[in-house]
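In the working numbering, the protein residues as written are 389 to 724.
Contents: one structure, followed by commentary.
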Ligand SMILES: Cc1cc2nc3c(=O)[nH]c(=O)nc-3n(C[C@H](O)[C@H](O)[C@H](O)COP(=O)(O)O)c2cc1C
């Protein structure tokens, strides 16, 4: 192999998911639809159509059919949120049934423990990766029979839970406690971090923030331009005071939420519509008013330097990972 050829990393996840590169695009509320998912899948990674973004099972089914057309037979996945809120999970079995019926076999779940979904997914011939923010939850999910774990750290864009540990600390502990394939996420935006995760023993990475500038992401260009300008300090954690830590883009709305927390607000209700996803969708994603709503985002977004197709981001990540892996190989001296 010459130095200019891209590397191939073969892991238990590339085998299990039937993908070329060990890069997963995790679920993205409202944005994780067939456009971006098929772009990542066609570039050799894995993506998950995010079920909770759809108002009805029929709308979800239509998007899965579109994704199947766009990926021309390559496997793609579905993301499921398991909520703690009473009544919210009633629809979960309907989403799973629709996905299986449309030929989807790969699932990413996040939120509460996946005890109710392992059996129906396996009965339908599916594979379940459960994404969680702590090693304790990972061990529980493994005991419940999931096929792979996604372990995220506090740097994750979105909801990293009450966990206060970074992704590489979590992963290093998990690797001695979890035997199923392990995917690491949170703060990963450069290929050298992918190489480091694999060198540590992980089977893949799960990413989100770095892909927010992909041309296929259905958000306003003004948001993508803002993200391109950000450096590693472009995100902040809010709502930790009410036990619902959320890592988001720094903007006026996030600062206002922080001010309300400092002034003593202690329930979701007291933040009014500031924290509602409908506000983010209408004002930020659709109208491009980037100060006007909360956007899930982590420091990995600082690596985003241009609005380009997801395939270009994937290719850049793989070039960077290959360069780091070559450097690592050169510094190793083995006695055997
Ligand atoms: C805008 C946005 C929306 C997200 N929505 C979801 C979601 O609905 N379900 C989910 O499981 N994860 C969601 N995540 C988390 C990602 O799937 C992924 O785990 C995370 O982005 C990885 O950390 P990173 O942002 O540091 O790369 C979201 C992340 C972002 C940036």
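Here a beta-carbon is modelled for each residue, glycine too, at the ideal position from N, C-alpha and C.
In the DSSP assignment, residue 496 falls within the beta strand (DSSP E) that extends over 494-499. If you keep only unbroken alpha helix (DSSP H) runs of at least 4 residues inside the segment 445-524, you get 445-459, 480-489, 506-511. In terms of side-chain proximity, the C-beta atom of residue 417 is found nearer than 6 Å to a non-hydrogen atom of ligand 1. Taken in chain order, the complete beta strand (DSSP E) segments of 3 or more residues contained in the segment 534-563 are 536-540. Exclusion of the five residues before and after residue 628 leaves no residue of its chain whose Cβ lies closer than 6 Å to its Cβ. Taking each of 481, 432, 491 in turn and checking the Cα distance to residue 454, the smallest one comes out for 491.
Between residue 501 and residue 529, the alpha-carbon positions lie close to 7 Å from each other. In this structure, the C-beta of residue 467 approaches ligand 1 to less than 6 Å from one of its heavy atoms. Exclusion of residue 609 from the 6 Å shell around ligand 1 follows from its C-beta lying no nearer than that to any non-hydrogen atom of the ligand.
Taken through DSSP and simplified to helix, strand or coil, residue 671 comes out as helix.
DSSP lists no beta-bridge partner residue for residue 414. Here the C-alpha atom of residue 684 lies approximately 6 Å from the C-alpha atom of residue 635. In the structure shown, residue 722 adopts coil according to DSSP, grouped into three states. In the assembly as shown, residue 405 is a buried residue. Its beta-carbon has 16 or more other beta-carbons within 10 Å. In the DSSP annotation of this structure, the continuous segment of the alpha helix (DSSP H) that includes residue 615 starts and ends at 609-617. Contiguous alpha helix (DSSP H) elements confined to the segment 630-711 occur at 640-650, taking only those with 4 or more residues. Per DSSP, residue 436 lies in no alpha helix (DSSP H) segment; the continuous beta strand (DSSP E) that holds it begins and ends at 434-438. When DSSP states are grouped into helix, strand and coil, residue 583 belongs to the helix group. For the 7 Å CB-CB criterion, residue 558 and residue 570 do not form a contact. Taking C-alpha positions only, residue 578 is separated from residue 645 by approximately 30 Å. Rounded to the nearest whole angstrom, the CA to CA distance from residue 440 to residue 395 is 35 Å.
In the three-state DSSP reduction, residue 424 falls in the helix class (H, G or I). In this structure, 639 is the residue among 676, 419, 639, 507 with its C-alpha nearest to the C-alpha of residue 663. Secondary structure at residue 429: helix, using DSSP grouped into helix, strand and coil.
Excluding residues up to 5 positions away in sequence, 477, 499, 500 lie with their Cβ nearer than 7 Å to the Cβ of residue 471 in the same chain.
Ligand 1 has a heavy atom closer than 6 Å to the beta-carbon of residue 594.
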